[in-house]
Amino acid sequence: MQRDRTQTEQRILNAVDHIITHSGLEQVGINRVSRQAGVTKILIYRYFGGLDGLLQAYYKRRCLSRTDLTVNIDDLREKSIAEIMTILCEVTLREYRRLRQDVQMQQFLKANLMGNDSFINPLIHEREGQLRKLIDSVSDVLNSKTGRSFSAIIISAMSFLTFMSQQKRSMLDIELSTDEGWAQIEEGVRNIYRGATLLLEERQRLANAAKKPA
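Start counting the sequence shown at -12; every next residue gets the next number (our numbering).
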């Protein structure tokens, strides 16, 4: 019985995936999912509680295979500022490389950016909570008070550029839908992190100098 339910749930989630891929997130509804999966609407409500629960289950299963927000804080304590910032930069770039290749997750990104409350990322508050905790932990290691604002700017810019990439648009003549154009964006992000590294290193140097006896 449990095996049958698991298989049926997967068939329903596969139907959601098919609709998002071929028609867009906005077209996901209980009636359409029911037809695509070949199950009754009552069964979908019984298993998922409704559209919100269905989207949350779909998003959670999709994200488990792609999201990488983990950084070993203890390992960072043993590294230099430059090494830490390089790691953070590459984690950021890797996350958005994955997103650029993930059509389904791009649909949730689009809903978030467009403020579509009906289809907004159902786990956005949980995800942001994890992200805030990570950023605060790294900021503590770096002795920085601007971790959240710095990250907010980077995340917002990269999310918007990824959305533009999905729409096959350009920014300042950079073709965001091409690998060449995205390579330019990544190099720009690395330069931003390098600049932040220099600032943090200078602050550390001044702080250490101030601690030395006259």
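Just so it is clear, CB atoms sit at the ideal spot from N, CA and C, and this is done for glycine as well.
On a predicted model such as this, the values are computed, not experimentally measured, just so you know.
> Where Thr184 and Glu(-4) are concerned, what is the direct C-alpha to C-alpha distance, given to the nearest angstrom?
Replying inline: Taking the first residue of the sequence shown as 1, we reach residue 184 at position 197. Taking the first residue of the sequence shown as 1, we reach residue -4 at position 9. Taking the straight line joining both Cα atoms gives about 47 Å.
> Which value, in whole angstroms, describes the spacing of the CA atoms of Asp4 and Lys97?
Replying inline: Mapped onto the sequence shown, residue 4 falls at position 17. Mapped onto the sequence shown, residue 97 falls at position 110. So the alpha carbons of these two residues sit roughly 16 Å apart.
> If you draw a straight line from the C-alpha of Trp194 to the C-alpha of Leu187, how long is it?
Replying inline: In the sequence shown, counting from the first residue as 1, residue 194 sits at position 207. In the sequence shown, counting from the first residue as 1, residue 187 sits at position 200. According to the sequence displayed, residue 194 carries Ala and not Trp. Answer to the nearest angstrom: the Cα atoms are 10 Å apart.
>> I'd like to confirm the pairing. Which residues does DSSP put opposite Glu162 in its beta bridges?
In response: The residue labelled residue 162 in the question sits at position 175 within the sequence shown. For Glu162, which the question treats as bridged, DSSP gives the partners Ser157.
> Taking the C-alpha atoms as reference points, what is the distance between Arg64 and Val128?
Replying inline: In the sequence shown, residue 64 corresponds to position 77, counting from 1. In the sequence shown, residue 128 corresponds to position 141, counting from 1. Rounded to the nearest angstrom, the two C-alpha atoms are 6 Å apart.
> Quick one, are the C-beta atoms of Ser138 and Ile122 less than 7 Å apart?
Replying inline: The residue you call residue 138 lines up with position 151 of the sequence shown. The residue you call residue 122 lines up with position 135 of the sequence shown. Their beta carbons are under 7 Å apart, which means Ser138 touches Ile122 by this criterion.
> What residue from Lys132, Thr27, Ser124 and Leu30 has the CA that sits closest to Asp61's CA?
Replying inline: Looking up residue 61 in the sequence shown gives position 74. Closest by alpha carbon: Ser124.
>> Does Asn59 come out as helix, strand or coil in the three-state DSSP assignment?
In response: Within the sequence shown, residue 59 is the residue found at index 72, counting from 1. If DSSP states are grouped into helix, strand and coil, Asn59 belongs with coil.
>> Using a 10 Å radius around the Cβ and a threshold of 16 neighbouring Cβ atoms, would you call Gln(-6) buried or exposed?
In response: Taking the first residue of the sequence shown as 1, we reach residue -6 at position 7. With fewer than 16 Cβ atoms within 10 Å of its Cβ, Gln(-6) is classed as exposed.
> In angstroms, rounded to a whole number, what distance separates the CA positions of Leu163 and Tyr34?
Replying inline: Start at 1 with the first residue of the sequence shown, and residue 163 comes out as number 176. Start at 1 with the first residue of the sequence shown, and residue 34 comes out as number 47. Their backbone Cα atoms lie some 40 Å apart in a straight line.
> Buried or exposed: Arg87, going by 16 or more other Cβ atoms within 10 Å of its Cβ?
Replying inline: By 1-based counting over the sequence shown, the position of residue 87 is 100. It counts as buried.
>> Can you look up Thr79 in the DSSP assignment and give me helix, strand or coil?
In response: Locating residue 79 in the sequence shown gives position 92, counting from the first residue. Looking at Thr79 - three-state DSSP - the assignment turns out to be helix.
>> Quick test of your reading: Ala24 and Ile(-1), contact by CB under 8 Å. State the CB separation rounded to the nearest angstrom.
In response: Your numbering for residue 24 matches position 37 in the sequence shown. Your numbering for residue -1 matches position 12 in the sequence shown. About 5 Å; that satisfies the 8 Å criterion.
>> Looking at the secondary structure, which residues open and close the alpha helix (DSSP H) in which Val125 lies?
In response: As a first step, residue 125 must be located in the sequence shown, where it is residue number 138. Unbroken alpha helix (DSSP H) run through Val125: Ile111 to Leu129.
> According to DSSP, is Gly175 helix, strand or coil?
Replying inline: Your numbering for residue 175 matches position 188 in the sequence shown. In this structure, Gly175 counts as helix in the three-state DSSP scheme.
> Would you call Ala170 buried or exposed, if buried means 16 or more other Cβ atoms sit within 10 Å of its Cβ?
Replying inline: Residue numbering aside, residue 170 sits at position 183 when the sequence shown is read from its first letter. Exposed: under 16 other Cβ atoms inside 10 Å.
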